[in-house]
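Here's the structure we're looking at; comments come further down.
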């Protein structure tokens, strides 16, 4: 058994114990155990992608600054097969203090965003904004800016987390924004295993893919859900909305 699997099963055990004892600290410990096994971040993409934007070729990148009432972050879109796809977001920061959101990993480095965007529309600045100087998606599949509650206003809440691993009215009422910290700490293979253990109602999305919605609106790290199939992403979305 490798280190990652060991941490997964230890986390699962702590997760189950936390459910019975309603002890949030165990849920936090399980999430921390999973984070401790994560590899270092991948190197930044090769230079030159930004210049390709003007030609509309695959590999071109487009960045936007986005925010809600509390958080600010940058969104990267990459041109693939003549379509723009969201390929990551930077770590959200509180606009009032600049404090980073630390409950999940897999975010892009702030330094990857264009310097003019970072200096002109810092996520730490107060006030809501959406900056899109170069490119605007059409309304049919549109990335039109973040939902008002993304990342969720309570995403960094240090208080007790109710019933991790079970549907809970509080998480369901806020439509899974965010799901439990333990669930968000799992890698794609571990999520796929967990999703096979639960029965979930359907919950659709419109105007974007499940991947875009899960990373943008539900706080899942892009790196952690990479490789999940579309049915698995749909199930994960349903789990979030159902209150897991």
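In my numbering, the protein residues as written are 620 to 863. Glycine residues also receive a C-beta, built at the ideal position from the N, C-alpha and C atoms. Everything numeric in this text was worked out from a predicted model, so none of it was measured.
Do you know how far the Cα of residue 735 is from the Cα of residue 796?
-> Just so you know, the alpha carbons of residue 796 and residue 735 end up roughly 31 Å apart.
Taking residue 695 and residue 738 to be in contact with their CB atoms under 8 Å, please state how far apart those CB atoms are, rounded to whole angstroms.
-> Not really, about 17 Å apart at Cβ, beyond 8 Å.
Helix, strand or coil: how does DSSP classify residue 802 here?
-> Three-state result, residue 802: helix.
When we look at the beta-carbon of residue 778 and count the other beta-carbons within 10 Å, is it buried (16 or more) or exposed?
-> For residue 778, the pLDDT reaches just 49, beneath the cut-off of 50, and the residue's location in the model is therefore unreliable, although a value from the coordinates is still provided. Classification for residue 778: exposed.
Should the region 678-698 be called in touch with the region 799-814, which here means at least 3 C-beta pairs below 8 Å?
-> Flag = no, the region 678-698 and the region 799-814 do not touch.
Please state if the CB of residue 689 and the CB of residue 704 are separated by a distance shorter than 8 Å.
-> No, these two residues do not count as a Cβ contact at 8 Å.
Under the DSSP definition of a beta bridge, which residues are partnered with residue 837?
-> Paired residues: none, contrary to the question.
Would you decide whether residue 715 is buried or exposed? Buried here means 16 or more other CB atoms lie within 10 Å of its CB.
-> With fewer than 16 other CB atoms across the displayed protein chains lying within 10 angstroms of its CB, residue 715 is exposed.
Contact check, residue 691 vs residue 719, beta carbons under 8 Å | Cβ distance not < 8 Å, so residue 691 and residue 719 don't count as in contact.
For residue 843, does the count of other Cβ atoms within 10 angstroms reach 16, so buried, or fall short, so exposed?
-> Label assigned to residue 843: buried.
In its own chain, which residues sit with a C-beta less than 6 Å from the C-beta of residue 729, not counting the 5 before and 5 after it?
-> Here the set comprises 709.
Leaving aside the five residues before and after residue 832 along the sequence, list all residues of the same chain whose C-beta is less than 8 Å from its C-beta, in chain order.
-> The answer, listed in chain order, is 824, 856.
Where do the N-terminal and C-terminal ends of the alpha helix (DSSP H) with residue 858 fall, by residue?
-> Start and end: 849-861.
What residues in its chain sit with their C-beta under 8 Å from that of residue 821, if we drop five residues either side in the sequence?
-> Residues of the same chain with a CB within less than 8 Å of the CB of residue 821, apart from the 5 flanking positions on each side, are 853, 857 in chain order.
Using three-state DSSP, classify residue 688 as helix, strand or coil.
-> DSSP places residue 688 in coil when its eight states are reduced to three.
For the putative contact between residue 722 and residue 800, defined by C-beta atoms under 8 Å, what is the C-beta separation to the nearest angstrom?
-> Right, their Cβ atoms sit about 6 Å apart.
Beta-bridge pairing of residue 845 - partner residues as DSSP gives them = Paired residues: none, contrary to the question.
Keeping to the same chain, check which residues put their C-beta closer than 6 Å to that of residue 847; ignore five residues upstream and five downstream.
-> Apart from sequence neighbours up to five positions away, the residues of its chain that approach residue 847 with a beta-carbon distance below 6 Å are 807, ordered along the chain.
Neighbourhood of residue 802 by C-beta, 7 Å cutoff - its chain only, sequence neighbours within 5 removed | Once the five neighbours on either side are set aside, the close Cβ partners of residue 802 are 863.
Taking the alpha-carbon positions, what's the residue 699 to residue 827 distance?
-> In this structure, the alpha-carbon of residue 699 lies about 15 Å from that of residue 827.
Pull up the DSSP beta-bridge partners for residue 681, would you.
-> According to DSSP, which records beta bridges pairwise, residue 681 is partnered with 696.
Looking only at DSSP bridge pairs, what is residue 713 linked to?
-> For residue 713, which the question treats as bridged, DSSP gives the partners 690.
From residue 810 to residue 687, what distance separates their C-alpha atoms?
-> Roughly 28 Å between the two C-alpha positions.
From what residue to what residue does the beta strand (DSSP E) around residue 815 run?
-> Neither: residue 815 is in no beta strand (DSSP E) and is coded neither H nor E.
Return helix, strand or coil for residue 727, following the three-state DSSP convention.
-> Residue 727: strand per DSSP, three-state reduction.
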